[in-house]
Every structure is written in C-alpha cells, then in structure tokens.
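Protein chains in written order, with the numbering used here: chain A, 1 to 455; chain B, 1 to 455. By construction, the Cβ of each residue, glycine as well, lies at the ideal position given by its N, Cα and C atoms. A quick note: this is a predicted structure, and the numbers were derived from the prediction, not measured. Working notes for the structure below.
Number of protein chains: 2
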Amino acid sequence: MEQVKQAIEAVNSIFNARSVAVVGASQDPGKMGYMTLNSIIQGGYEGDIYPINPKADHVLGLRAYPSISHVPGPIDLIVVVIPAPYVAAVLREAVEKGVSGAVIISGGFREAGRSDLEEELRSISEKSGLRICGPNVQGINYVPNKLCAMFWPLVTTPGPIAVIGQSGTVTASIAEWSEFEGLGISGAVNLGNQVDLCESDFLEFFAEDEKTRAIALYIEAPKEGKRFQETLRRVAKRKPVAILKSGRTAGGQKAAASHTGSLAGIDEVFSGACRQFGVFRADDLEHTFDSMKAIATMREPQGNRLLVLTTSGGSAALGIDEAEQRGLSIPPLPAQLVEELKEAQSIPDFASFSNPLDFAGANIENFTEALPILDQFGVADIYLLIFGDPVPGGAEAVEQLAAEISTPLVVSYLGGGELERLDSVKMQISGIPVFPTPDRAARGIAAAVWNACYR
Amino acid sequence: MEQVKQAIEAVNSIFNARSVAVVGASQDPGKMGYMTLNSIIQGGYEGDIYPINPKADHVLGLRAYPSISHVPGPIDLIVVVIPAPYVAAVLREAVEKGVSGAVIISGGFREAGRSDLEEELRSISEKSGLRICGPNVQGINYVPNKLCAMFWPLVTTPGPIAVIGQSGTVTASIAEWSEFEGLGISGAVNLGNQVDLCESDFLEFFAEDEKTRAIALYIEAPKEGKRFQETLRRVAKRKPVAILKSGRTAGGQKAAASHTGSLAGIDEVFSGACRQFGVFRADDLEHTFDSMKAIATMREPQGNRLLVLTTSGGSAALGIDEAEQRGLSIPPLPAQLVEELKEAQSIPDFASFSNPLDFAGANIENFTEALPILDQFGVADIYLLIFGDPVPGGAEAVEQLAAEISTPLVVSYLGGGELERLDSVKMQISGIPVFPTPDRAARGIAAAVWNACYR
C-alpha cells in the first residue's frame with residue numbers, strides 16, 4: 001500500500017500545485033509555450049504563475065524570469081515547453097529549487113529516437129524524487145485547482161469525469177466534448193512517454209479524488225502490466241472505469257505499437273480481465289464518452305427495466321432495438337397504470353399506451369403528467385425520454401421531474417436544431433445525461449446498468 | 001414500367017410544384033400552420049404562395065384567401081394543416097380547382113383511431129387522381145425547387161443526399177445534421193400514414209433525380225412489400241441506398257408495429273434481401289448518416305486499401321482497428337516510397353513511416369507534401385487524414401489537395417474545438433466528407449467501399 005500512497009501523493013503534488021512556473025513561456029501565439037501559459041491564465045488558476053523566458057521581462061502580462069532559480073518564491077510545479085536537449089538541465093535546476101513536480105510537454109525524446117535524453121530525465125527523477133508527467137504530452141488539467149497546464153484544450157467546466165489517455169488527441173476529444181456539452185470534467189491527463197508517472201499512478205489518484213465520479217481511460221499498452229492489473233482490480237471496486245483500448249485487430253495492434261513502442265497483448269485476454277475486474281470496456285471513442293456520461297451522471301439504476309417515453313415512434317423503435325440487444329428489459333405497462341394514464345389531462349387518447357409510451361406529439365406536459373404516475377407504479381428502473389424535434393420547455397420540465405421522482409432519467413434529443421443544442425447543455429449542467437440518438441442513449445444506459453450490476 | 005413512370009410523375013408534381021396553397025396558414029408562431037408557411041417563405045420558394053385562412057386578410061405578410069376556390073391563379077400543390085375532420089372537404093375543393101398534389105400534415109387519422117377519415121382521403125385520391133403525401137407527416141422538402149413545405153426542420157443547403165423516413169423525427173434528424181454540417185440535402189420526405197404515395201414512389205423519384213447522389217431510407221415495415229422489393233432491386237442498380245430498419249429485436253418489432261401498425265417481418269430475411277439487392281443496411285442512425293455521407297461525397301474508391309495519415313497516433317490506431325474489422329486492407333509502404341517521404345522538407349525524421357503514416361504533430365505541410373508523393377506510388381485506394389487537435393489551415397490545404405490528386409480523401413477531425421467545427425463545415429461544403437471520430441470515418445469508408453464493390 002506504500003506504492004498506492006506514493007502514487008496519490010505524487011499526482012496530488014502536481015494537480016494541486018500552489019505555484020507554477022512555465023519554462024519556455026512564449027509571446028508568440030502560435031507556440032506551445034504561449035498556449036500553455038495562456039491556458040493556465042484563462043483557466044483561472046489562483047496560485048502564483050511564473051513565466052520563465054530569458055529574453056522577456058513580461059509574458060502575457062505576467063512578470064517573467066530568466067530562469068527558475070531567479071524566481072523569488074517557492075515553486076511547486078514546473079511545466080516545461082523547451083527543446084528536448086535543454087530539459088535535463090532545467091530539471092536539475094528545479095531539484096535545486098525544491099520543486100516537487102514537472103509536466104514535460106516537450107517532445108523529441110524516445111519517440112524521436114533520442115532515448116538517451118529520456119533516460120537522463122528518468123535518472124534525475126529517480127535520484128531526486130522529482131515526479132514527472134511526460135515527456136511528450138499535451139499536459140494536465142485539474143479543474144478543482146483550476147489548473148489547466150495543457151496547451152490544448154482549455155476546459156474549465158467542473159464535472160464528474162476524469163480522462164486519462166495514452167494519446168493527447170483522444171484525451172482532448174473526450175475533454176472537449178464534455179466541455180462543449182456542459183458536462184465538464186474533474187481532470188484530464190495524457191501519459192506521453194511515462195518516464196515516471198504512468199497510468200496506474202493517475203488511476204490511484206482519481207480513485208480517491210472526491211471530485212471524480214468515473215474514469216475514462218484510453219490505453220494502447222500499459223507501461224507496467226502487472227501493476228496495472230492490480231491497480232485496475234482495486235480501483236474498479238471504488239470507482240467506475242471505462243477502458244478504450246486499441247489493438248482489437250492486427251493492424252490496430254501494429255499501429256498502437258508504432259505509436260507507443262509497446263506490445264498490445266492479446267485482445268481477448270484483455271477483455272476477459274476487464275470483465276473479471278468489473279471494468280467497462282468500451283467499443284469505440286463515442287461509446288467511451290457515452291458510457292462514462294451515463295455512469296457518472298445518472299442515479300444508479302436498481303435494475304435493467306427500461307421504459308421509453310417518446311414523442312417519436314420511429315426513434316423509440318430504434319432505441320428499444322439497441323436496448324434489447326444490450327440486455328435491457330422492456331417491461332409492459334400494467335392495465336391499471338394504463339387506465340390512470342388515460343385519465344391524465346394532457347395525454348391524447350390516441351397515444352400508444354405501451355412500452356414505448358408514445359405520445360405521438362411534442363408536448364412536454366405529456367411527460368410531466370405521465371412520469372409521476374409511472375413512478376408510483378414502479379414499473380421500470382430507468383426512464384428514457386425521447387424528444388424528437390424541438391420540445392419547448394423541455395429542459396426546465398426535465399430538471400423539475402428529476403427532482404420529483406426517484407427513478408433515473410435519461411434523455412435522447414434529436415432533430416431539434418438550435419433548441420436541442422441549448423437545452424441539451426442545460427439538462428447536462430443539471431445532471432441529466434442527454435444523448436444525440438436513441439441508440440447512443442440505449443448504449444449509455446446499458447453501460448450504467450452493467451456498472452450497477454457487475455462492478 | 002407504367003407504374004414507375006406514374007410514381008415519378010406523381011412525386012415530381014408535388015416536389016416541383018410552381019404554386020402552393022397552405023390550408024390552415026396561421027399567424028400564431030406556435031402553430032404548425034405558421035411554421036409550415038414560414039418554412040416555405042424562409043426556404044426561398046420562388047413560386048406563388050397562397051395562405052388559406054378564412055379569418056385573415058394577410059398571413060406572414062402574404063395576401064390570404066378564405067378558401068382554395070377563392071385563389072385567383074392555378075394551384076399545383078396544397079399543404080394541409082387543419083383538423084382531420086375537415087381535410088376531406090378541402091381535398092374535394094382542391095380536385096375541383098385542378099390541384100394535382102397534396103401534402104397532408106394534419107394528424108388524427110388511423111393513428112388516432114379514425115380509420116374512417118383516412119379511408120375517405122384514400123377514396124378521393126383514387127377517384128380523382130389527386131396524389132397525396134401523408135397524412136400525419138412533417139411534410140416534404142425539395143431543395144432544388146426551394147420548396148420546404150415542412151413544419152420542421154428548415155433545411156436550405158443543397159446537397160447530394162435524399163432522405164425518406166417512416167418517422168418525421170428520424171427524417172428531421174438526418175436532414176438537420178446534414179444542414180448543420182454544411183453537407184445539405186437534395187430532398188426529404190416522411191411517409192406518414194401513406195394513404196397514397198409510399199416508400200416505393202419516393203425511391204423511384206430520387207433514383208431518377210439528377211440532384212440526388214444517394215438515398216437514406218428509414219423504414220419500419222414497407223407499405224407494399226412486394227413492390228418495395230422490386231423497387232429496391234431496380235433503384236439500387238441506379239443509385240446507392242442505405243436502409244435503416246428497426247425491428248432487429250422482438251421489442252423493436254413491437255415498438256415499430258405500435259408506431260405504424262404493420263408487421264416488421266423477419267429481420268434476417270430483410271438483411272439477406274438487402275445484400276442480394278446491393279442495398280446498404282446501416283447499423284444505427286449515425287451509421288446511416290455516416291455511410292450516406294461517405295458514399296454521396298467521396299470519389300468512388302477503386303479498391304479497399306486504406307492509408308491513414310495522422311497527427312495523432314492513438315486516433316490512428318482506433319481508426320485502423322475499425323477499418324480492419326470492417327474489411328478494409330491496410331497496405332504497408334514500399335521502401336522506396338519511405339525514402340522519398342524522408343526527403344520531404346516538412347516531414348520530421350521521427351515521423352512513423354508506416355501505415356498509419358504518423359507525423360506526430362499538427363503541421364498541415366506534412367500532409368500537403370506527403371500526399372502527392374503517396375499518390376505517385378498508387379499505394380492506396382483511399383486516404384484517411386486524421387486531424388487531432390486544431391490544425392490551422394487544414395480546410396484550405398485539404399481542398400487544394402483534393403483538386404490535385406485522384407485518390408479519394410476522407411478526413412477525421414477530433415479534439416479541435418471551434419476550428420474543428422468551422423473547418424469541418426468548410427471541407428464538407430467543398431465535397432470532402434469529415435467525421436468526428438476515426439471509428440466513424442472508418443465505418444463511412446467501409447460503406448463507400450462496399451457500395452463500390454457490391455452495388
């Protein structure tokens with residue numbers, strides 16, 4: 001357990017740093033040294049920020065220093081954006097200064113044939129205890145500390161999902177979707193060449209992190225296979241983890257190997273291990289996002305019975321197809337319940353009183369009248385509300401319903417234009433997951449049910 | 001062939017109407033009679049528009065008439081948005097006036113237990129020759145005639161895809177995505193209760209329509225099974241068709257049946273028929289859109305060899321996984337080609353010179369230098385360019401490349417924020433399909449290859 005404690009402390013010292021120096025801070029908006037410093041400032045970081053640049057007095061309005069050792073106050077974290085050959089010297093200077101953590105964005109190490117430079121970093125870290133994320137990363141973002149030390153993207157919306165990725169772009173895309181949809185993230189990190197901190201360290205941190213409800217992990221091959229296995233087994237007991245792993249096919253394995261230089265292992269064995277540990281293995285990138293969204297946002301479902309309420313019969317049929325294929329059950333409506341629904345003022349006589357309960361029209365009152373009645377009968381464990389075309393007042397009504405009833409609500413909103421985009425964000429901000437198609441909603445719900453049953 | 005000719009003429013008389021009356025045109029923005037008239041006006045329709053409303057002199061700035069018979073000029077098409085019990089009388093009046101087509105948006109017929117009212121419409125159509133789309137539809141949109149006679153959505157961007165749907169929402173969502181992404185549509189129609197015109201009629205029309213390059217069809221159960229089969233077989237020879245059909249599972253079949261009141265048939269048999277006819281069967285709603293986008297936009301691939309060029313190694317691994325699983329081949333790069341690539345000025349030494357060709361950085365010059373060299377060697381039938389994170393200048397460069405080289409280009413753009421959204425639209429407007437993830441790109445490409453091989 002010493003290793004676990006050390007991992008959490010190491011990541012914590014980086015994510016919760018109280019002061020940051022950006023080594024290689026630049027005034028040129030096209031450079032990573034500009035983008036990174038800018039992200040830290042725009043992200044609202046409240047600690048001290050020290051741009052390091054020997055040729056400038058000020059960078060982005062902040063007083064700059066020629067080197068780390070010139071900085072008057074203490075530095076917790078350095079973010080390094082200078083050419084690879086100069087990084088080791090900076091790390092040594094940082095050790096002198098008492099810095100505890102480094103995020104090395106700079107590339108040009110092992111991935112560029114310079115394993116020697118990388119070994120130097122590793123050696124400094126091992127000897128000094130300086131903890132390193134990277135090199136060759138886009139950076140780290142820990143929203144609770146408002147520390148977006150990442151050249152891209154700038155994500156500032158606090159949310160329940162942590163993203164760990166062995167690819168900057170994959171990490172960025174999930175984080176960016178979360179931001180765009182109003183869902184937000186707790187943190188994001190990419191692994192890069194992992195001279196020190198690796199996937200297991202970040203998993204340990206997020207497993208204990210109060211702001212994180214679920215972890216999305218993109219991986220090609222773990223740095224430390226055996227430790228990864230043990231970590232996953234333990235972490236998955238505490239928190240939901242969804243893994244997206246490339247290497248399902250020979251070509252994918254080769255591609256992953258040429259990206260990170262490590263063997264992907266046998267894919268079926270990996271799937272088996274995930275099942276055994278209670279780790280959710282996602283099918284693709286959107287499925288990773290959708291399943292994490294559902295798991296992290298929904299109230300935990302108490303079973304697998306899904307009731308679909310819809311304004312669109314066709315969309316409901318598509319959603320139920322996917323739901324059944326993913327193992328959800330579609331219970332019928334008891335006769336007495338149907339009677340009560342028929343008495344509801346707003347629900348038209350020609351509605352289809354079955355599952356799906358098809359109101360055949362985009363009238364939000366249908367939902368607000370029906371749901372409390374359904375809830376009394378306890379007929380399902382999850383309600384999927386399908387909004388087809390614009391549904392005025394939808395977001396407000398769903399927010400209120402979610403507060404009134406105990407069964408988890410999920411929304412699929414499609415064909416709704418600008419109102420769909422605005423209301424989807426509103427609902428997600430208030431904690432109701434929204435999916436752009438009924439198929440994707442069903443996949444997300446199935447992930448949440450899986451998580452409730454098997455984790 | 002008489003039936004085919006009649007079908008095309010019937011749909012043509014509606015889609016290419018030179019004058020339109022909206023029966024039930026309303027001044028209340030919340031009503032369908034307002035939304036429909038508004039769509040026709042905003043869509044830029046250039047023929048005569050006659051609002052019919054006995055209580056108003058003007059609606060939406062246009063002179064209104066108390067009834068069809070009061071309209072001074074000829075009327076080609078009526079769009080009906082009045083309560084079901086009054087529709088038959090209006091149709092009789094329309095027949096008197098010499099109207100040839102009707103789009104009946106009004107609901108409240110068979111789906112609401114009033115089969116009697118629906119039979120009346122059918123009888124009028126059969127006796128008079130008046131051709132009807134509906135009732136119980138969102139309407140029709142034929143962009144070449146700038147005729148958006150649909151209460152929702154308003155789609156005005158001309159594009160290569162026609163959408164036919166047994167669900168207003170499914171039709172709306174595909175049309176709306178096409179509009180949002182700059183891809184556009186040729187036409188969209190939903191089938192509703194099909195008292196007269198049905199799926200086969202619209203398929204016949206779009207098969208001959210010059211503006212339509214591919215047809216997306218959402219269906220629960222065809223109205224005329226045997227004719228549908230014959231039509232599909234013939235239409236698929238002329239034009240690519242992607243079908244999304246609900247009813248893969250028992251629950252989905254039940255849901256579809258309760259929506260349209262017809263049996264869905266045995267799912268495997270349907271899949272077999274699609275394969276035999278060369279009709280692409282899509283897995284889900286996004287897959288329908290993605291496959292149609294690829295088929296309608298890409299140059300036809302001459303084989304199944306895919307070369308991935310990427311700024312993101314992780315994304316490439318995910319794309320190649322999906323591509324191999326969908327039957328695409330991932331050819332290696334010949335040694336001589338690699339030599340030439342290494343000599344290219346912009347391509348870094350540490351790039352991964354294999355397939356994927358991983359530039360390991362978001363520099364557009366890498367692509368513009370590499371692609372013409374690759375094209376000389378004829379190493380692949382399709383190039384998938386993966387842009388991870390923002391790639392400044394990407395849209396312009398891709399547009400130019402597409403003009404210079406003969407091999408079809410497809411782009412996957414992810415993690416790129418606002419630039420991604422803007423540039424994706426630009427590229428799609430210029431005819432290059434863009435997908436939000438490498439998985440979806442691979443699925444789209446596989447559909448285009450399938451279409452080139454098996455249709």
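Which chain B residues are close to residue i, counting only those with a beta carbon under 7 Å from its beta carbon?
i: L385 (chain A); result: Near L385 (chain A) there are no residues of chain B at all, since even the closest Cβ is about 13 Å away, more than 7 Å.
i: G134 (chain A); result: Those do not exist, as G134 (chain A) stays about 14 Å from chain B at its closest Cβ, beyond 7 Å.
i: E111 (chain A); result: F350, A360
i: L218 (chain A); result: Reading the sequence as shown, one finds Tyr at residue 218 (chain A) and not Leu. Result: G314.
By Cβ distance, which residues of its chain are closer than 6 Å to residue i, with the 5 residues on each side in sequence left out?
i: I290 (chain B); result: Looking at the sequence itself, residue 290 (chain B) is Asp, so the reference to Ile does not match. Excluding positions up to five away in sequence, the list reads R440, R443, G444.
i: P160 (chain A); result: R213, A296
i: F205 (chain B); result: I8, V11
i: L409 (chain B); result: Y383, A402, I432
i: V434 (chain B); result: V411, Y413, S424, M427, Q428
i: D381 (chain A); result: P301, Q302, G303, R305
i: M292 (chain B); result: I161, A214, A216, A242
i: S26 (chain B); result: G33, Y34
i: G225 (chain A); result: none
Can you pull the chain A residues whose beta carbon is under 9 Å from the beta carbon of residue i, in chain order?
i: T368 (chain B); result: The premise fails here: T368 (chain B) is roughly 18 Å from chain A at the closest Cβ pair, so nothing lies under 9 Å.
i: S26 (chain B); result: Result: empty, since nearest Cβ-Cβ is about 16 Å, beyond 9 Å.
Could you tell me which chain A residues have their CB closer than 7 Å to the CB of residue i, listed as they occur along the chain?
i: P356 (chain B); result: A255
i: Q166 (chain B); result: G314
i: L285 (chain B); result: L318, T437, D439
Could you tell me which residues DSSP pairs with residue i in its beta bridges?
i: Y65 (chain A); result: A:I52
i: F228 (chain B); result: None, per the DSSP bridge assignment.
i: G43 (chain B); result: None, per the DSSP bridge assignment.
i: N355 (chain B); result: DSSP lists no partner for N355 (chain B).
i: H58 (chain B); result: B:R63
i: F435 (chain A); result: A:S412
i: Y383 (chain A); result: A:L307, A:L409
i: F280 (chain A); result: A:A242
i: A149 (chain A); result: A:I140
i: P158 (chain B); result: B:I185
Just the chain A side, please: which residues come within less than 8 Å of residue i by C-beta, in chain order?
i: P390 (chain B); result: W152
i: S258 (chain B); result: G313, S352, S354, P356, D358
i: A250 (chain B); result: E324
Here's a check: name, in chain order, each residue in its chain whose Cβ is nearer than 8 Å to the Cβ of residue i, leaving out the five neighbours to either side.
i: D284 (chain A); result: L244
i: D57 (chain A); result: R63, A64
i: R238 (chain B); result: A207, E208
i: S19 (chain B); result: G47, D48, I49, Y50, G73, P74, I75, D76, L77
Kindly list the residues whose CB is nearer than 7 Å to the CB of residue i, restricted to its own chain and excluding five residues on each side of it in sequence; keep chain order.
i: E181 (chain B); result: S424, V425, Q428
i: W450 (chain B); result: F280
i: I219 (chain B); result: Q166, E199, I243, K245
i: T368 (chain B); result: A397, L401
Output, in chain order, the set of chain B residues within a Cβ distance shorter than 9 Å of residue i.
i: E119 (chain A); result: Under the 9 Å cutoff, chain B gives no residues; its nearest Cβ is about 17 Å from E119 (chain A).
Under 8 Å from any heavy atom of the ligand SAH, does the C-beta of residue i make it?
i: G327 (chain B); result: Absence of the ligand SAH from the depicted structure is noted, as is the absence of any ligand whatsoever, leaving it without description.
Three CB pairs or more closer than 8 Å across the segment 38-45 of chain A and the segment 64-73 of chain A:
no
Residues of the segment 320-335 of chain B whose Cβ lies closer than 8 Å to any Cβ of chain A, in chain order:
I320, D321, E322, A323, E324, Q325, I330
Under 8 Å, with one C-beta from each stretch per pair, do the segment 306-316 of chain A and the segment 168-180 of chain A reach the 3-pair mark?
no
Quick check: the segment 313-332 of chain B against the segment 349-369 of chain B, are there 3 or more CB pairs under 8 Å?
yes
Against chain A, which members of the segment 59-79 of chain B pass a CB distance test of less than 8 Å?
none
Cβ-based contacts, 7 Å cut-off: residues of the segment 170-194 of chain B near chain A:
V170, A172, S173, E176
Cβ contact check for the segment 365-385 of chain B and the segment 137-147 of chain A: 3 or more pairs under 8 Å
no
State whether the segment 88-95 of chain A contacts the segment 121-129 of chain A, with contact taken as three or more CB pairs (one from each stretch) at a distance under 8 Å.
yes
Closer than 7 Å, Cβ to any Cβ of chain A: which residues of the segment 394-427 of chain B, in chain order?
L414, G415, G417
Cβ pair count under 8 Å reaching 3, the segment 185-195 of chain B against the segment 141-148 of chain B
yes
Interface residues of the segment 222-248 of chain A facing chain B [CB-CB below 8 Å]:
L244, S246, G247, R248
Should the segment 109-125 of chain B be called in touch with the segment 77-87 of chain B, which here means at least 3 C-beta pairs below 8 Å?
yes
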